[in-house]
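Since the structure comes first, as structure tokens, the remarks are kept for the end.
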Amino acid sequence: MFFSKSKNLLGLDIGSSAVKMVELKDLGKGKGFKLEAFGIEPLPPEAVVGGTVMDSGAVIAAIQKLVREGGVKNFNAATSVDGNSVITKRITMTAMSEAELAEAIQWEAGQYIPFDLEEVKIDHQVLDSDPATGNLNVLLVAAKRDLIGEYSSILGQAGLNASAIDIDSFCVQNAYETNYPINGNEVTVLVNVGASTTNLSVMKGTTPLFWRDIQAGGNNYTDTLQREMSLTFDQAEAVKKGEGSEGVRAEQAVPILNAVTEEFGAELKKTIDFFRVTTGENTIHKVVLSGGGTKVPNLDRYLSQFFGIPVEVMNPFQNITVSEREFPVDTINRLAPSFAVAVGLALRKMGA
Ligand SMILES: Nc1ncnc2c1ncn2[C@@H]1O[C@H](COP(=O)(O)OP(=O)(O)OP(=O)(O)O)[C@@H](O)[C@H]1O
Ligand SMILES: [Mg+2]
Numbered sequence: 000m001f002f003s004k005s006k007n008l009l010g011l012d013i014g015s016s017a018v019k020m021v022e023l024k025d026l027g028k029g030k031g032f033k034l035e036a037f038g039i040e041p042l043p044p045e046a047v048v049g050g051t052v053m054d055s056g057a058v059i060a061a062i063q064k065l066v067r068e069g070g071v072k073n074f075n076a077a078t079s080v081d082g083n084s085v086i087t088k089r090i091t092m093t094a095m096s097e098a099e100l101a102e103a104i105q106w107e108a109g110q111y112i113p114f115d116l117e118e119v120k121i122d123h124q125v126l127d128s129d130p131a132t133g134n135l136n137v138l139l140v141a142a143k144r145d146l147i148g149e150y151s152s153i154l155g156q157a158g159l160n161a162s163a164i165d166i167d168s169f170c171v172q173n174a175y176e177t178n179y180p181i182n183g184n185e186v187t188v189l190v191n192v193g194a195s196t197t198n199l200s201v202m203k204g205t206t207p208l209f210w211r212d213i214q215a216g217g218n219n220y221t222d223t224l225q226r227e228m229s230l231t232f233d234q235a236e237a238v239k240k241g242e243g244s245e246g247v248r249a250e251q252a253v254p255i256l257n258a259v260t261e262e263f264g265a266e267l268k269k270t271i272d273f274f275r276v277t278t279g280e281n282t283i284h285k286v287v288l289s290g291g292g293t294k295v296p297n298l299d300r301y302l303s304q305f306f307g308i309p310v311e312v313m314n315p316f317q318n319i320t321v322s323e324r325e326f327p328v329d330t331i332n333r334l335a336p337s338f339a340v341a342v343g344l345a346l347r348k349m350g351a
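According to my numbering, the sequence shown is numbered sequentially starting from 0.
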């Protein structure tokens, strides 16, 4: 028998614009991780809409292509869900054993979850306990069973074992913690701007405090450009990315993009104000952006001015060893912010 460390899972982030794949190898002895496989495969705009898979064939084909072209031999995969079918809450329970808690949570969940309990899978994790009262702060997660079933089935049909189904916000937090030093009790707001959904979460030190998914993202820019400049989706995407399109100069789009950024900033502010009011945490030290949507020109600068706090863009490969011989490092750096969820998934191990 070999005594091998449990291997990392293959991370597959099924987003509405593209499937992102990352495989990491744990180098052991605190040496961190090495990139083993990396890939991104675009999806047609109607394949995944607001977290619901409309065209599973397109998603399965994209996963198979990534696995084949990445030369992946690890078939134990992790993927994640987000959006309206997932509820994440921090609740307080009186001190009790883990076994008692597991049972109590099933009873308590009803008051926090606006779904029929039969329809959801409930999970929990103790975050910390109050030293004075012994009360437990518990992370309660509920996700619709049919959504989990659907994502598991897609991995299965792509020839993989669905070994873990995670939540996008948790993946972003894991990716952040692995790549950046965390100072004491600093409050960090993580904002993962996807195409259709933005996952916002807040950590105090390494303790997660708050999660909220906002139905807005890169598509808002594309939709507005389409409408205001009479463009097709593909043309608007190209203009947004500063590539321009036939008869349209990228500069013409700037005021339109800025107006969407202002609306988006106001939306984030509403959520952050709600966080402040419900938790009493008034000081936010920084905002960390990830997701492809953060590539919109000036978003980080605008938000930094708007909130009056530092805003940085996450590179989820910052602390990961990437071999220049094996990978196109420039491409990886350019696309890095879109890979926060995939890196978070690839950090997971079998059964953990
Ligand atoms: N260079 C760029 N400039 C502007 N926007 C960009 C750029 N590159 C990618 N994007 C936008 O980023 C978004 C895709 O980001 P990401 O891959 O994080 O989303 P996703 O995971 O597919 O979506 P979701 O999580 O919402 O389902 C798209 O709206 C895309 O147009
Ligand atoms: Mg995403």
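Yeah, the Cβ is synthetic: ideal placement off N, Cα and C, and Gly gets one too.
Please read all numbers here as calculations on a predicted model, not as lab measurements.
The region 78-88 makes no contact with the region 179-190; the number of CB pairs closer than 8 Å stays below 3.
Following the DSSP letters along the chain, one finds F169 inside the alpha helix (DSSP H) bounded by residues D167 to N178. Three or more beta-carbon pairs separated by less than 8 Å link the region 187-200 to the region 287-297, which places the two stretches in contact. With fewer than 16 other Cβ atoms inside 10 Å of its own Cβ, D233 counts as exposed. In the displayed model, N281 falls within coil according to three-state DSSP, outside both helix and strand. The C-alpha of N160 lies about 39 Å from the C-alpha of P296. D12 has its CB nearer than 8 Å to a heavy atom of ligand 2. The C-alpha of R248 is placed about 24 Å away from the C-alpha of S16.
Under the three-state reduction of DSSP output, V58 falls in the helix class. Contact annotation: I121 and I147 have beta-carbon atoms that are not nearer than 9 Å. Distance from the CA of Y179 to the CA of A252, rounded to the nearest whole angstrom, comes to 34 Å. In this structure, the C-beta of Y220 approaches ligand 1 to less than 8 Å from one of its heavy atoms. Around the CB of T93, fewer than 16 other CB atoms lie within 10 Å, so the residue is classed as exposed. The continuous stretches of beta strand (DSSP E) do not include G109, and DSSP gives it neither H nor E. Proximity of the region 235-244 to the region 303-310 falls short of the contact definition, fewer than three beta-carbon pairs being nearer than 8 Å. Residues of the same chain with a CB within less than 7 Å of the CB of V71, apart from the 5 flanking positions on each side, are L9, E22 and A36 in chain order.
Secondary structure note for L11: its beta strand (DSSP E) is the uninterrupted segment L9 to I13. Exposure of G155 is indicated by the presence of fewer than 16 other C-beta atoms within 10 angstroms of its C-beta. Close CB contacts of F316 within its chain, under the 8 Å cut and outside five residues either way in sequence, are with L34, N178, I331, N332, A335, F338 and V342 (chain order).
If only uninterrupted beta strand (DSSP E) runs of at least 3 residues are considered, those enclosed by the region 241-300 are 285-289. Annotated as distal: I255 and F32, with beta-carbon spacing of 9 Å or more. When C-beta atoms of the region 221-236 are compared with those of the region 199-211, fewer than three pairs fall below 8 Å, so the two segments do not count as touching. For V340 and S229, the gap between their C-alpha atoms comes out near 33 Å.
The beta carbon of P41 lies closer than 7 Å to those of S16 and A17 in the same chain, with the five residues before and after it left out.
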